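>
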Amino acid sequence: MASALLPVYDQLGIEPVEGDGVRLTTADGRTLVDFYGGHAVALLGYRHPRLLAALAGQAHALFFQSNAVPLAVRERAARRLADFAPAGLDRVFLVNSGAEANENALRVALRTTGRDAVVALEGAFHGRTAAAGAVTWRARWYGFPRTPFEVRFVPREDADALARALADRDVAGVILEPVQGVAGAVALSDGYLATARSLTAAHDTLLIFDEVQCGMGRSGCPFVAHAAGVTPDLLTTAKGLAGGFPAGALLLSDSIAAGIGVGDLGTTFGGGPLACALIEATVEALADDGLLANVRARAEQIRAACAVGPVEAVTGRGLLVGLRTTRPARDVQEELLARGFLVGTSADPRVVRLLPPLVITAGDVAALAGALAELPS
Ligand code: PLP
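The sequence shown runs 1 to 377 under our numbering.
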């Protein structure tokens, strides 16, 4: 029967039907080690007992209520997340996706400063809605005829270009991914992030970190902001935030929050009880289960062991990894799939992207390195 779905995704030839830990079982009975986690969403892998218990418990107690009523589970999720975030980002607005979190971050920056331009980086990916698409590099606005505000793109790591873009003092915000994910796991240096912090502060421009892909423990710290020692004015996160349930969040400081009142932001599903129960459980697991130490150890192991076969360099930060390949990344992806490893690609045709669940083990990494070593270089 013909599919009723729009054919907008290029799809891999596997159909996962079950997941357990970092292993997927496909409809035709194969087992795959998941080094991609559904674009970084399966942060804790599959069938994580904390997530199953939180989801079942909350579904049984109260499936949904909107932001028109207070919910204890929403308060707890927001508090947990704020405590997990860098000090100074103590207020939370809960939404459903990365694009929605960025849309609201940009809205808040434009309204707070009263300015009408935004600076973004070449290579950036921030989502497909109007504002998020506008700050996405070469997105052609994702089908919209024009951007909703003026956008200036500057090259990565170029402090002079950033200073020039801010010189007219008309820039509301600078938005950047501390590790560009879709671009191919390109980590910005701590020095550049610190410069972006001081330049934006000097121009009364707000600094927005999009940690939708690189946040939630993936860097080996709660957020890259911690790892780099740079605190932005606004921080967005999503993807693994609720371990696989749709959820996004905008984190901001008390002083910016002071300018936001009833009716200024809104969403129907954001902050729903199921998402909140899963956000709470996810942050608890990250804090309690020693997962950040595992991220750091596995990241080091990948860097030491995976520059073999067709891989000429390893990029990224923590478990947002780019394997730069001598041959098309698509071919390497297919060859690894045939050997039982699911990996991703990126906008760079020579970068295989790894975004494994943070529970990936040393044995899994060693097995991937072994498979890579067997591939033609
Ligand atoms: N920001 C970054 C850094 C992303 O990687 C993505 C998705 O890949 C988004 C924003 C958009 O998130 P979503 O697809 O949940 O809207």
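Glycine included, each C-beta is placed from N, C-alpha and C at the ideal position.
Predicted model only: the values in this text are computed from it and were never measured.
Name the two residues that bound the continuous beta strand (DSSP E) containing P16.
Note, P16: beta strand (DSSP E), 16-20.
> Report the partner residues of A187 according to the DSSP bridge assignment.
Beta-bridge pairing links A187 to V179.
> Would you kindly check if the distance between the Cβ of A196 and the Cβ of V174 is under 8 Å?
In contact: V174 and A196 (Cβ atoms closer than 8 Å).
> Can you tell me the Cα-Cα spacing of V95 and E374, whole angstroms?
Rounded to the nearest angstrom, the two C-alpha atoms are 44 Å apart.
> E177: beta carbon under 7 Å from a heavy atom of the ligand PLP?
Correct: E177 has its Cβ closer than 7 Å to the ligand PLP.
> Helix, strand or coil, according to DSSP, for F144 in the structure here?
It is coil, neither helix nor strand.
> With 16 other CB atoms within 10 Å as the buried threshold, where does Q11 fall?
It counts as exposed.
> When the Cα atoms are used, what is the spatial distance from C276 to R146?
Going by the C-alpha atoms only, they are around 35 Å apart.
> Residues around the ligand PLP, please: the ones whose beta-carbon is closer than 6 Å to some heavy atom of it, in chain order.
This criterion selects H39, S97, G98, A99, N102, F125, H126, G127, E177, G181, V182, D210, V212, Q213, A238.
> Between the Cα of E18 and those of L106, R111, A366, H48, spot the shortest distance and give me the residue it belongs to.
For the residues L106, R111, A366, H48, the minimum Cα distance to E18 belongs to H48.
> Report the three-state DSSP secondary structure of G316 (helix, strand or coil).
It is a strand residue.
> Would the beta-carbon of N329 fall within 8 Å of that of V352?
For the sequence presented, residue 329 should be read as Ala rather than Asn. Yes, the Cβ-Cβ distance between A329 and V352 is below 8 Å.
> Any chance the region 308-321 sits against the region 142-156, with 3 or more Cβ pairs inside 8 Å?
The region 308-321 vs the region 142-156: no contact.
> By how many angstroms is the C-alpha of R23 removed from the C-alpha of A161?
One C-alpha to the other measures close to 45 Å.
> Let's test the definition: count the other Cβ atoms within 10 Å of the Cβ of R218 and tell me whether it reaches 16, buried, or not, exposed.
Counting Cβ neighbours within 10 Å, R218 comes out buried, since at least 16 surround it.
> Can you tell me whether V108 is helix, strand or coil according to DSSP?
Looking at V108 - three-state DSSP - the assignment turns out to be helix.
> Alpha carbon to alpha carbon, what distance is there between T205 and A172?
Cα to Cα, the separation comes out at about 5 Å.
> With distance defined between alpha-carbon atoms, name the residue in T361, P357, D264 nearest to Y46.
Among T361, P357, D264, the Cα nearest to that of Y46 belongs to P357.
> Along the alpha helix (DSSP H) that carries V33, what are the first and last residues, could you check?
From DSSP, V33 is part of no alpha helix (DSSP H) but of the beta strand (DSSP E) over 31-34.
> With a threshold of 6 Å on Cβ separation, who are the neighbours of A228 within its own chain once the five nearest residues in sequence on each side are excluded?
Contacts found: D190, L193.
> Measure from the alpha carbon of P155 to the alpha carbon of each residue in V186, G127, F149, then state which is nearest.
Nearest C-alpha to P155: V186.
> Spatial neighbours of R339 within its chain, please: C-beta separation below 7 Å, excluding the five flanking residues on both sides.
Taken in chain order, the residues that qualify are A371.
> In terms of residue numbering, what span does the beta strand (DSSP E) encompassing I208 cover?
Segment 206-210, the beta strand (DSSP E) holding I208.
> Cα-Cα, which of L241, A117, L320 is closest to L354?
Among L241, A117, L320, the Cα nearest to that of L354 belongs to L320.
> Going by DSSP, name the residue or residues bridged to R50.
Answer by DSSP bridge pairing: none, since R50 is not bridged.
> Locate the beta strand (DSSP E) running through A139, then write down its first and last residues.
Run containing A139: none; DSSP gives neither H nor E here.
> Measuring straight from C-alpha to C-alpha, what distance separates A281 and A54?
Near 6 Å, if we compare the C-alpha coordinates of A54 and A281.
> For the beta strand (DSSP E) containing A249, name the first residue and the last one.
Element bounds for A249: 248-252.
> For E211 and P178, I'd like the C-alpha separation in whole angstroms.
One C-alpha to the other measures close to 7 Å.
> Spatial neighbours of D34 within its chain, please: CB distance less than 6 Å, with the 5 preceding and 5 following residues excluded, ordered by chain position.
Excluding residues within five positions, the ones whose Cβ falls inside 6 Å are V22, L24, L342.
> What's the C-alpha gap between G248 and G240?
Their Cα atoms are separated by approximately 9 Å.
> According to DSSP, simplified to helix, strand and coil, what is A120?
Note: A120 maps to strand in three-state DSSP.
> Looking at the structure shown, is F64 part of a helix, part of a strand, or coil, going by DSSP?
Of the three classes helix, strand and coil, the one that applies to F64 here is coil, per DSSP.
> Since G318 contacts V295 with CB under 8 Å, what's their CB separation in whole angstroms?
Rounded, the Cβ-Cβ distance is 5 Å, consistent with contact.
> Are the beta-carbon atoms belonging to Q58 and L274 less than 8 Å from one another?
A contact, by the Cβ cut-off of 8 Å.
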